[in-house]
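FYI, the numbering for the sequence shown is -26 to -1, 1 to 218, going by mature numbering (1 follows the signal peptide of the UniProt record, and there is no 0).
Note that CB positions come from ideal geometry on N, CA and C, so glycine has one too.
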Amino acid sequence: MLASTPVRVALATGVTCCLGATAVVAARPDDEAPARQVTEALTDRALAAQDEAASRSLDRSPTPAPASASPTPTTSPSAKPSSTPKPKATKKKAPTKPPRPRPVAGLTQAQMDNAKSIVDVGVDMKIPRQGLVIAVATAMQESTLLNYASGVLPESQNYPHQAIGWDHDSVGLFQQRPSSGWGSVRDLMRPAYAARVFYEALLQVPGWQQMSLTLAAQAVQISAFPYAYAQHEERAATIVAALT
């Protein structure tokens, strides 16, 4: 035990200066047993103090919890994929009417429109140009290219018309008479129909293409004024030229 006394005293002295001074005083030879007890006590206290100091030196900061896996981001319900917008249905444009023909040869717009109806029907029927001129000249003489109703036939006034005449039951652009078998009042009041039956009758005239305009027109119309048609030939040719 004595051999270990100086070591413990030195250890105690190295740990704390105040405790080391006391250990030197206590190690006197005249009181060895009590000194040893004191030294042991002090040494135990020094060791306890060292342990306490070592214990205090430990890092006591709370250990951070391991970083948890980053939470899966909550995704908002995915928006539905935008469907490709359907092209707007384009409204079909109504077919535009062809422009009305500009009047020529001193005609009004209404007269020019009626002349166009006559020429259009002839072109559709593949009537030669001479026949178109005959038809227009005939209508110029019979009705001045206006669609006539008849004062004698009240029914004729129920249909579109531009003038009213009193020559028996004659109606329309060519003053054709229903009583002579040209057609119904309703049909004859339509310019296109009136022109068609005129052309059909003209085609039945033998050699009409070699005839003068007057003779060809008279062969169809059987008018009381057979030579009146010739006066319209030049203007009729101008009108046909403008419409074809």
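**Report entry** Cβ neighbours of residue 161 in the same chain (closer than 6 Å, five flanking residues each side left out)
**Finding:** 167
**Report entry** One or two residues paired with residue 181 in a DSSP bridge
**Finding:** Residue 181 pairs with nothing; no bridge assigned.
Query raised in the report: In terms of residue numbering, what span does the alpha helix (DSSP H) encompassing residue 96 cover?
Result: 83 to 98
Query raised in the report: Is residue 151 buried or exposed, if buried means 16 or more other CB atoms sit within 10 Å of its CB?
Result: buried
Query raised in the report: Going by the CB atoms, is the gap between residue 107 and residue 210 shorter than 8 Å?
Result: yes
**Report entry** Beta-carbon separation (whole angstroms), residue 192 vs residue 200, contact threshold 8 Å
**Finding:** 4 Å
Query raised in the report: Identify the residues that DSSP records as bridge partners of residue 124: which are they?
Result: 139
Report task. Mark residue 155 as exposed unless 16 or more other C-beta atoms lie within 10 angstroms of its C-beta, in which case mark it buried. Result -> exposed
Query raised in the report: Does the beta-carbon distance from residue 214 to residue 78 come in below 8 Å?
Result: no
**Report entry** Per-residue burial, residue -6 [other beta carbons within 10 Å of its own, 16 or more giving buried]
**Finding:** Its pLDDT being 37, under 50, residue -6 is placed unreliably by the model, and nothing is read from it.
Query raised in the report: Exposed or buried, what is residue 184 when buried is set at 16 or more other beta-carbons lying within 10 Å of its beta-carbon?
Result: exposed
Query raised in the report: Helix, strand or coil: which one does DSSP assign to residue 12?
Result: Low confidence applies to residue 12: its pLDDT is 49, below 50, so where it sits in the model is not reliable enough to give any reading.
Report task. For residue 159, name the three-state secondary structure that DSSP assigns. Result -> helix
Report task. Kindly indicate which residue of 91, 217, 135 and 177 has the alpha-carbon position closest to the one of residue 105. Result -> 177
**Report entry** Unbroken alpha helix (DSSP H) run spanning residue 164, endpoints
**Finding:** No alpha helix (DSSP H) holds residue 164; DSSP gives it neither H nor E.
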